[in-house]
């Protein structure tokens, strides 16, 4: 058996999206409809009814990991997502390169969305050193102002407030222990020391001298936020006995997949943007299955980004590209031996422009499902789907159809 | 956005109710049907499938508070419901005015459902004093034999057995620590002392001399039961960031609402009985929304009372009054900006005359829902509703459609 989980980020919508229809209803999606016709559908609450999911919590939940138990914060997934080595107990942060004045008052939270010098900054910041013995510091730059900081050592805590104040004109705050514990106080002291070090290291870099000459804000400090301890979370292989790979582009989603033990595989030319050639993800996924992988998780980001920008036409066009992706799977998977689940990680309506708690459609195809009578893939059609409504756990349901689950009890 | 939660207590029924139909099916309810036609419906398990809810636990669950975590006992809500000031850690009891002989053997658990002298009794009982320093005693009479007792102090416990034996001819039992803890033993000693004090205080009141002359049972003791510590429960505003008010009449429901931080607003002439002019609750609710409130919880009690009395005609007539309430909302809410959810807190079938675990219909109207194809509001129609079936959490689902929820994760 083979299994594919295809997630269209921000898939669901509302009647306010486009002329009284959701974008999914408005889009021309013959392949999605064929998927619904061949398969069994239902409504999915990514985390639960009345829970408004983040992308991180919803993915954990869809993979069968209760985020109330396993979610510690976004930093972990960002660090994994940009390829850092993270181990159980490490404390991870997302960081921004930012601009501060001599009193550490924030001038620009993103150093002018700096588009250069990431390598120079990353190399310089290898000098960061913990003020306390036995704690290892790792820093990696990502795109633009983004990066991640990882602390490795015994008894560190991720229960820390952000150093990023999310506004300008105020002094960069110090990280503080959110639970008053000794380990959080200790970790806060280390982080605050590293932030001051980063300012000393970065202030006079040649990159910044040049930027000042050009009238651009220097990248002269790192602001860590989203502190999170990598929890004792079993990998997908440990939990279900099945290994697999992830085909996607967004760092967060790559990060969630890597945190759960899936290896990242890059498809040709994909970007994570709405204009990404996502058909190549379908091709890559089929190639991975043909090369022996059992399970591929395909993540498609664009619909969510379009909806965050309140752009219905953009979301409709992207959903039509998702339709092409599904068309490729319909033609190229070995349907005697494969199951595919298509769903979203949450609804992102055009008017609201952010995630909502509304459920999303879910359809599964494959030889072991019992089909229903739907002929359309949409939020409304899925209300009548044969799977009814349930919360999270799409991967265990998919793996169940694939005959891969361990018995609970005897 | 604005949101209304309308709860018809004991809404659901069974085919044994009335000529092979539920009361809801038998009642003439054109407005409820229009609500279903405009909206999206589903089946709600107030607490969970196969859980037979009390009114207190079901309301907590519907508001998104897991009663397994937050329910400590009914006393808290009774005390809140009659307007007492209760704070975290206080121990609350429901009390009966009762009749005992000189050996404290119970003659009448409700002192003949005493219909007079509540003020005199309440005033006399202000003399109650804790035998232990640092514990404050508060007593308030309600209607007929009902009242509430609140103990305020450090390290008190609500894990106490009832002083009320729920039968006559036996001696009033002493409160006992249900968990053997020191704080429960201490609190039990205080309560038992207060019960003896109440007998001394009440025995010779002029009210009771008169009642004895009239051949009526004297109200000469209080019997506390339903001990409960007010738990560390976040208010609706703390939990969801939205404040609101409650329009209702029954003390328990007012109590639940106040315990969750909703202010009580009285509608003209309402009584909590089956003959209450509940249309005035709809008018009051719309008035509160127009005056700037974001959220109104409207509670309608009568259908449940009729069903407890095994009176199908009474329940059918009351449901037709609920239909008028919904008709008023359909006409008078600003439907571009409002969502309304109508459901019950449990089923109360006519033959059984008490709460059952059967699910209840739920319908939500408003601009952000995706409608289904129903044309009727009933238990049977709701089986085909577009929301499927879920447990509790109606308020977070309603607030989700209103774009009011905080994101869980990022």
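Protein chains in written order, with the numbering used here: chain X, 4 to 413; chain B, 4 to 413.
Note that CB positions come from ideal geometry on N, CA and C, so glycine has one too.
Computed from a predicted model, the values in this text were never measured in an experiment.
Among the options, nearest to residue i - alpha-carbon criterion
{"i": "residue 91(B)", "options": "233(B), 261(B) and 388(B)", "result": "233(B)"}
{"i": "residue 65(B)", "options": "263(B), 333(B) and 373(B)", "result": "263(B)"}
{"i": "residue 150(X)", "options": "217(X), 123(X), 235(X) and 374(X)", "result": "123(X)"}
{"i": "residue 113(B)", "options": "356(B), 221(B) and 258(B)", "result": "221(B)"}
{"i": "residue 121(X)", "options": "109(X), 141(X) and 146(X)", "result": "146(X)"}
{"i": "residue 54(X)", "options": "338(X), 393(X) and 209(X)", "result": "393(X)"}
{"i": "residue 117(X)", "options": "218(X), 407(X), 332(X) and 235(X)", "result": "218(X)"}
{"i": "residue 316(B)", "options": "18(B), 4(B) and 30(B)", "result": "30(B)"}
{"i": "residue 306(B)", "options": "185(B), 346(B) and 337(B)", "result": "346(B)"}
{"i": "residue 215(B)", "options": "297(B), 102(B), 72(B) and 332(B)", "result": "102(B)"}
{"i": "residue 340(X)", "options": "381(X), 360(X) and 297(X)", "result": "297(X)"}
{"i": "residue 135(B)", "options": "87(B), 157(B) and 170(B)", "result": "157(B)"}
Contact under 8 Å by Cβ, residue i with residue j
{"i": "residue 153(B)", "j": "residue 82(B)", "result": "yes"}
{"i": "residue 328(X)", "j": "residue 383(X)", "result": "no"}
{"i": "residue 370(X)", "j": "residue 16(X)", "result": "no"}
{"i": "residue 300(B)", "j": "residue 8(B)", "result": "yes"}
{"i": "residue 52(B)", "j": "residue 363(B)", "result": "no"}
{"i": "residue 349(B)", "j": "residue 13(B)", "result": "yes"}
{"i": "residue 326(X)", "j": "residue 34(X)", "result": "yes"}
{"i": "residue 308(X)", "j": "residue 356(X)", "result": "no"}
{"i": "residue 79(B)", "j": "residue 160(B)", "result": "no"}
{"i": "residue 194(X)", "j": "residue 109(X)", "result": "no"}
{"i": "residue 412(B)", "j": "residue 57(X)", "result": "yes"}
{"i": "residue 5(X)", "j": "residue 365(X)", "result": "no"}
{"i": "residue 248(X)", "j": "residue 268(X)", "result": "yes"}
{"i": "residue 286(B)", "j": "residue 321(B)", "result": "no"}
Chain B contact for residue i (CB, 8 Å cutoff)
{"i": "residue 74(X)", "result": "yes"}
{"i": "residue 219(X)", "result": "no"}
{"i": "residue 364(X)", "result": "no"}
{"i": "residue 50(X)", "result": "yes"}
{"i": "residue 386(X)", "result": "yes"}
{"i": "residue 46(X)", "result": "yes"}
{"i": "residue 77(X)", "result": "yes"}
{"i": "residue 70(X)", "result": "yes"}
Within chain X, the residues that residue i reaches when beta carbons sit closer than 9 Å
{"i": "residue 409(B)", "result": "55"}
Closer than 8 Å to chain X by CB, residue i
{"i": "residue 389(B)", "result": "yes"}
{"i": "residue 412(B)", "result": "yes"}
{"i": "residue 396(B)", "result": "yes"}
{"i": "residue 393(B)", "result": "yes"}
{"i": "residue 235(B)", "result": "no"}
Own chain, CB closer than 6 Å to residue i, minus 5 neighbours either side, in chain order
{"i": "residue 228(B)", "result": "97, 165 and 167"}
{"i": "residue 67(X)", "result": "396, 398 and 399"}
{"i": "residue 246(B)", "result": "240"}
{"i": "residue 201(X)", "result": "224 and 225"}
{"i": "residue 235(B)", "result": "91"}
{"i": "residue 180(B)", "result": "187, 188 and 191"}
Per-residue contacts from residue i into chain B (C-beta, under 7 Å)
{"i": "residue 256(X)", "result": "By Cβ distance, chain B contributes nothing, its closest Cβ being about 12 Å from residue 256(X), past 7 Å."}
{"i": "residue 355(X)", "result": "406"}
Neighbour list for residue i in chain X, Cβ cutoff strictly below 7 Å
{"i": "residue 370(B)", "result": "19"}
{"i": "residue 403(B)", "result": "53, 55, 359, 360 and 361"}
Amino acids of chain B, ordered along the chain, whose beta-carbon sits closer than 9 Å to that of residue i
{"i": "residue 60(X)", "result": "410, 411, 412 and 413"}
{"i": "residue 35(X)", "result": "Neighbours of residue 35(X) on chain B: none; closest Cβ ~17 Å, over 9 Å."}
Proximal residues of chain B, C-beta to C-beta of residue i below 8 Å
{"i": "residue 383(X)", "result": "373, 374, 375 and 389"}
{"i": "residue 380(X)", "result": "The contacting residues do not exist; residue 380(X) stays about 14 Å from chain B at best."}
Where residue i meets chain X, residues with beta-carbon distance less than 8 Å
{"i": "residue 399(B)", "result": "52, 53, 54 and 360"}
{"i": "residue 67(B)", "result": "53"}
Neighbourhood of residue i by C-beta, 7 Å cutoff - its chain only, sequence neighbours within 5 removed
{"i": "residue 273(X)", "result": "252, 279, 280, 281, 283 and 284"}
{"i": "residue 127(B)", "result": "204, 205 and 208"}
Same chain, Cβ closer than 8 Å to residue i, five either side skipped, listed in chain order
{"i": "residue 372(X)", "result": "42, 43, 342 and 404"}
{"i": "residue 89(B)", "result": "79, 82, 83, 95, 153, 233 and 262"}
{"i": "residue 137(B)", "result": "156 and 157"}
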